[in-house]
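At position 571 of the sequence shown (counting the first as 1) the number is 841 in the working numbering, and the numbers step up by one without a gap.
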Amino acid sequence: MDNQLCSTLFSYNCKSIIRSIDYVRLLCKRADIVALQETWLFPHDLAVLGKISDEFGFTGKSAIDTSVDIIRGRPYGGVAILWRKDAFDSVTVLETNSVRLSAIKVSVSDRSFVVFSVYMPVDLMDNLIEFTECLSEMSSIIENTQVASVYMLGDYNAHPGERFARELERFCCDQQWTCVDVDKLGSAFTFISDAHGTTRWLDHCVVTEAARQSVMDVKVLYDPSWSDHLALEVKCSLNALRPHYILNESSCNKVIWGNRDSKQIDQYHKSCNEKLRDLDFPSELSHCCDAMCDKVEHRSVIDKMYSDIIHILCKAAVDSFDCKYRSHKKCVVGWNRHVYPAHREARVQFQLWCSLGRPRSGPVYDKMTETRRIFKSKLKWCQNNAEQVKMDVLAIQHTKKNFKSFWKETSKLNPRPYTPLSVDGFGESLDIANMFISKFKVVPSDRPPVVPRVLTAVAQKSNSLPSVSFSAKGVASTISKMTRGKSPGHDGISIEHLRHAGVHLPRVLAMFFTFCLRHSYVPDECTKAVVVPVIKNKTGDPSDSSNYRPISLATTIAKVLDSMLDQQLCKHLKISDAQFGFRAGLSTETAILCLKHTVRYYTDRRTPVYGCFLDLSRAFDLVSYDRLWEKLRSTSLPEEIISVFDYWYSNQVNVVRWANVLSDEYRLECGVRQGGLTSPRLFNLYINELIEGLSSTSVGCTIDGTCINNISYADDMVLLSPSISGLRKLVRMCEEYAVTHGLRYNAKKSELLVFQPRNVKVDTVPSVKLNGTPLNRVTQVKYLGHWVTEDLADDMDVERERRALAVRGNMLARRFKKCSGEVKCTMFRAYCLSFYSCALWVSCTQRALSALRVQYNNVLRMLLGLPRFCSASGMFLEARIDGFHAILRKRAASLLHRVRASSNSILRVIADRLDSPFLRHWIALHVSK
């Protein structure tokens, strides 16, 4: 490799390394890394790889199991990787379970990447599951290595357009990988049949998104050799790879709750109780409790009250902090259980030896050296078996049925988040944080920015009678229902601080919230939010700002107030039944059910249905505040609640945090608050007028007098009509609403799907335009994570779930391989028993369903280390885990119960129709065969 950090990689199916060794040597002269397949080596012959070139290191795997039986015929399979020793700073061989995979992690300068050698089975339906499992194992290894740039070279047996190629394409789409040779070459061949001279394209180079930009050139070497495969050459510029990551280092913050024992909690509780008890009613606000107030000078009193509450909580948290629980030293896993007793004994003997003048012989000296030896041996054992010790901790927590600690320890096994050294060319943390402001802040182009308001409408109506008040009981109930373990806001206060602060805190907060309501005001420090960029695709480019999404961390007290305001919204807002998002008792599954049932109703009557799947660009971020307050005032929501929202949104301050550095402050100019508890309900109200307007037209699909021409889940909307003219009218209404409400439809991402009746083919469809752009007609679309096709066949969605199950199963098998059987079964129940939308699979082939069932069985076998052909029923019975068909029955029964118990008018139509194919399917699942 030259000084410009360029590297050449080769993939070659050598069809016996011994016969092809001369050609491989030629490749080594041109290459830095060579991925070999079909080496045909026995386990004891892998040393042959080291004889190819003295300049190359090697690793390999034999696919031949010599312990099973006498090997007859020619050997088969086997993969290997060769690398130039002086080209890289270090090379680490990665462990793989499958004999079809070999992998190395390469470090050069300040960059790292991973290279796989892959040899897939022949393209047969019976081998599809093994093909997916190999891809899933690669995904699991990539996740564990935490290296974004990966090159997966090898013989995939995936000719374009055939079964394995389609499977590879779908898997790459799910994982955001790219088959870079197909992208670069367009057309080629890497295999020539010795029998009849036909050519095929079987060898590929699959890369992650982070590695894709480094690929400069791909070509096939059309040179004659022993093998019937041709070598694939990939040239890469390692300068395009990003430098190593650095961990997010945070200083010790004594306010953060962290892990506190009962003694610390009692001390914190006592301190808070004593101070909060003395926090009395402000005399300046004595006339503001039962009436609205417009005095601006009262806001400083509310600010001080909030400051006093936070000061008390923070001071108590700091005073109860014990530094021994927050040591910055790297802990030895298993110290307390395995090492500490030996360390204590060694220390006692060492002190005794010192007190006696440090003799060089005798029983005291021998005892000191022996205890020291035992201590060091136990310490070394823990260091060498850290993974096993972690798994033992999981097993102990599971055995004691301490599931809270069990899941806490399990979460620690997840890879820790890393931070890139630079983003979009910015290297300083403050510069990166300020750069993200322009990425996350949305400024509407059709109106001026919102100016922070000093007075609100309600504040100007002095002495008007309010209709809402907050009680200490209501605050205490809200705090008790909030989820623990969430990241705190800028003040470091979390829900644990509030739960353990004592009985006086709910009273004080109720008083504080009431004053906020009466003055239409919330302190700036309370509404200040910290926005944290979170990477979207782990194998994407971490230095690209577009690969990040924002999460907002509000203060905990603001979350409590937001939750209480949400309770008021719930009482006064009425949302259309066609909106399924963020509604109690409704879900993505019920929305998909309504879509498929409506379409099936028409197609069974030989009528096509035209479906338009609309894409709103950043819909939550483009909500116009003026329009939103108008809509709130059109409801029965009390005016003081609206005024608090008005002030909060007009004056909220955000800062971006990157590597513990805060950016400059910026304000929201439009859009509901990211992560706000009231945000989903406010957005539902914002879009509700459009949904009701569409439903009131009676244009489009109708069942039993109920109009089902639009189905929404938050900002995901699908329009349904049995005619093109009806669909065009519905689309026009959406366009007009978007213009008047500051929303934007993305015509490129919106799609048209024509649902075809059985034995009726709709070939010619007039164009449907969105914002003047004709919609792209597709035969399948992923709606709310579920694949919907033009004939409502479910095979594609079953395949989606099979691939997802393979990925989850390989992740579990790799991460928890040293756990006990009980722990593995617990993890299997948590990750593998949920087949998303499986209750809606009413039109799938037995082959697709059987493939998923086999994949499900194989995951548990792989996890428990059982033989591949052991009894599935016995395996599930012994593990006390539901079998495949039991899961389908339970999920179907659950969905049926929710549909029949729902008050939603659209779901009632489905529940009342006895001719529904879904109802027939659900009943059939529970009929004994």
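All residues carry an ideal CB built from backbone N, CA and C; glycine is no exception.
(request) Give me the Cβ distance between D847 and S1175, rounded to the nearest whole Å; I'm assuming they're in contact under 8 Å. (result) Counting from 1 along the sequence shown, the entry for residue 847 is found at position 577. Counting from 1 along the sequence shown, the entry for residue 1175 is found at position 905. About 5 Å; that satisfies the 8 Å criterion.
(message) Can you tell me which residues form a DSSP beta bridge with I973?
(response) Numbered from 1 along the sequence shown, position 703 holds the residue referred to as residue 973. Paired residues: T976.
(message) Spatial neighbours of Y576 within its chain, please: C-beta separation below 6 Å, excluding the five flanking residues on both sides.
(response) Along the sequence shown, read from residue 1 onward, the residue named residue 576 stands at position 306. Taken in chain order, the residues that qualify are P793, C796.
(request) Tell whether a beta-carbon distance below 8 Å holds between P541 and D589. (result) As a position in the sequence shown, residue 541 is number 271, starting the count at 1. As a position in the sequence shown, residue 589 is number 319, starting the count at 1. Correcting the residue type first, residue 541 is Ser in the shown sequence and not Pro. Their beta carbons are under 8 Å apart, which means S541 touches D589 by this criterion.
(request) Tell me where the beta strand (DSSP E) around A350 begins and ends. (result) Here the question's residue 350 lines up with position 80 in the sequence shown. That run of the beta strand (DSSP E) goes 349–354.
(request) Grab the span of the alpha helix (DSSP H) containing E503 for me, first residue to last. (result) Along the sequence shown, read from residue 1 onward, the residue named residue 503 stands at position 233. E503 -> not in any alpha helix (DSSP H); beta strand (DSSP E) instead, spanning 501–507.
(message) Is the beta carbon of Y919 closer than 8 Å to that of S790?
(response) On the sequence shown, position 520 is the one that residue 790 refers to. On the sequence shown, position 649 is the one that residue 919 refers to. In this structure, Y919 does not lie closer than 8 Å to S790 by Cβ.
(request) Starting from the C-beta of Q730, find all residues in its chain whose C-beta is less than 8 Å away, skip the five residues before and the five after it, and write them out in chain order. (result) The sequence position of residue 730 within the sequence shown is 460, counting from 1. Caution is warranted here: a pLDDT of 42 is assigned to Q730, below 50, making its placement in the model unreliable, and no coordinate value can be reported.
(request) Can you grab the Cα-Cα spacing for the pair I644 / Y610, in whole Å? (result) Stepping through the sequence shown from its first residue, residue 644 is reached at position 374. Stepping through the sequence shown from its first residue, residue 610 is reached at position 340. Straight-line Cα distance between these residues: approximately 11 Å.
(message) Quick check: the Cα distance between F785 and E939, rounded to an integer number of angstroms?
(response) Against the sequence shown, residue 785 aligns to sequence position 515. Against the sequence shown, residue 939 aligns to sequence position 669. When rounded, the distance between both Cα atoms is 26 Å.
(request) Tell me whether Y818 is buried or exposed, calling it buried when 16 or more other Cβ atoms sit within 10 Å of its Cβ. (result) As a position in the sequence shown, residue 818 is number 548, starting the count at 1. Result: buried.
(request) For N283, name the three-state secondary structure that DSSP assigns. (result) For the purposes of this step, residue 283 is taken as residue 13 along the sequence shown, with counting starting at 1. Correct three-state label for N283: strand.
(message) So, at 6 Å on beta carbons, what are the nonlocal neighbours of A301 in its own chain, with the 5 sequence-adjacent residues on each side left out?
(response) In the sequence shown, residue 301 corresponds to position 31, counting from 1. Excluding residues within five positions, the ones whose Cβ falls inside 6 Å are T278, F280.
(request) Find out if the Cβ-Cβ distance for the pair H429, R482 is shorter than 8 Å. (result) Residue 429 sits at position 159 when you count from the first residue of the sequence shown. Residue 482 sits at position 212 when you count from the first residue of the sequence shown. Not closer than 8 Å, so no.
(request) From the DSSP output, read off the bridge partner residues of P1044. (result) As a first step, residue 1044 must be located in the sequence shown, where it is residue number 774. Paired residues: K1039.
(request) Could you tell me whether the region 415–430 touches the region 1040–1060, where touching means 3 or more Cβ pairs closer than 8 Å? (result) no
(message) Using only the alpha-carbon positions, how far apart do I1180 and M987 sit?
(response) Within the sequence shown, residue 1180 is the residue found at index 910, counting from 1. Within the sequence shown, residue 987 is the residue found at index 717, counting from 1. Cα to Cα, the separation comes out at about 20 Å.
(request) To the nearest angstrom, report how far apart C882 and D396 are at their CA atoms. (result) Counting from one through the sequence shown, the residue named residue 882 turns up at place 612. Counting from one through the sequence shown, the residue named residue 396 turns up at place 126. Straight-line Cα distance between these residues: approximately 37 Å.
(message) Please return the same chain residues whose Cβ sits closer than 6 Å to the Cβ of N924, not counting the five positions on each side in sequence.
(response) Against the sequence shown, residue 924 aligns to sequence position 654. The residues are A799, V801, Y936.
(request) Kindly indicate which residue of E432, C276, T680 has the alpha-carbon position closest to the one of L394. (result) The residue labelled residue 394 in the question sits at position 124 within the sequence shown. Comparing Cα-Cα distances from L394 to each of E432, C276, T680, the minimum goes to E432.
(message) Which residues does DSSP list as the beta-bridge partners of L700?
(response) Here residue 700 refers to the residue found at position 430 of the sequence shown. Bridge partners of L700: none, in fact.
(message) Using C-beta distances below 6 Å, list every residue in its chain close to L947, excluding the 5 sequence neighbours before and after it, in chain order.
(response) For the purposes of this step, residue 947 is taken as the residue at position 677 of the sequence shown. Excluding sequence neighbours, L947 sits near D832, S833, D836.
(message) Taking its Cβ as the centre, do 16 or more other Cβ atoms sit within 10 Å of I1193, making it buried, or is it exposed?
(response) Position 923 of the sequence shown, counting from 1, holds the residue named residue 1193. With fewer than 16 other Cβ atoms within 10 Å, it is exposed.
(message) Just verifying my parser: in three-state terms, what is the DSSP assignment at R903?
(response) Working through the sequence shown from its first residue, we reach residue 903 at position 633. In this structure, R903 counts as helix in the three-state DSSP scheme.
(request) Measure the Cβ-Cβ separation of S409 and Q445 and say whether it is below 8 Å. (result) Residue mapping note: residue 409 aligns to position 139 of the sequence shown, counting from 1. Residue mapping note: residue 445 aligns to position 175 of the sequence shown, counting from 1. Yes, they are a contact pair.
(request) Assign K1018 to one of two classes, buried (16 or more other C-beta atoms within 10 Å of its C-beta) or exposed (fewer than that). (result) Residue mapping note: residue 1018 aligns to position 748 of the sequence shown, counting from 1. That one is exposed.
(request) Round the Cβ separation of Y282 and L297 to the nearest angstrom and send it over; I've been treating them as touching at under 8 Å. (result) The residue labelled residue 282 in the question sits at position 12 within the sequence shown. The residue labelled residue 297 in the question sits at position 27 within the sequence shown. About 6 Å separates the two Cβ atoms, so the contact holds.
(message) Looking at the secondary structure, which residues open and close the alpha helix (DSSP H) in which A480 lies?
(response) Position 210 of the sequence shown, counted from the first residue, corresponds to residue 480. From DSSP, the alpha helix (DSSP H) with A480 extends over 479–482.
(request) Return the chain-ordered list of same chain residues with a C-beta closer than 6 Å to the C-beta of L856, the five sequence neighbours on each side being excluded. (result) On the sequence shown, residue 856 is found 586 positions in, with the first residue counted as 1. Taken in chain order, the residues that qualify are F850.
(message) DSSP three-state label for W1111, please.
(response) For the purposes of this step, residue 1111 is taken as residue 841 along the sequence shown, with counting starting at 1. If DSSP states are grouped into helix, strand and coil, W1111 belongs with coil.
(message) Can you tell me whether S857 is helix, strand or coil according to DSSP?
(response) Numbered from its first residue, the sequence shown carries residue 857 at position 587. Note: S857 maps to coil in three-state DSSP.
(request) Identify whether W310 lies in helix, strand or coil by the three-state DSSP scheme. (result) Locating residue 310 in the sequence shown gives position 40, counting from the first residue. The answer is coil: DSSP assigns W310 none of H, G, I, E or B.
(request) Reducing DSSP to helix, strand and coil, say where H474 ends up. (result) Residue 474 sits at position 204 when you count from the first residue of the sequence shown. H474: strand per DSSP, three-state reduction.
(request) For R927, write down the residues that DSSP places opposite it in a beta bridge. (result) Along the sequence shown, one-based indexing puts residue 927 at 657. L932.
(request) Drop a sphere of 10 angstroms on the beta-carbon of S631, count the other beta-carbons inside from all chains shown, and report buried for 16 or more, exposed for fewer. (result) Within the sequence shown, numbered from 1, the residue matching residue 631 stands at position 361. Exposed: under 16 other Cβ atoms inside 10 Å.
(message) For L1023 and V1032, I'd like the C-alpha separation in whole angstroms.
(response) By one-based count along the sequence shown, residue 1023 stands at place 753. By one-based count along the sequence shown, residue 1032 stands at place 762. Each residue's alpha carbon lies about 11 Å from the other.
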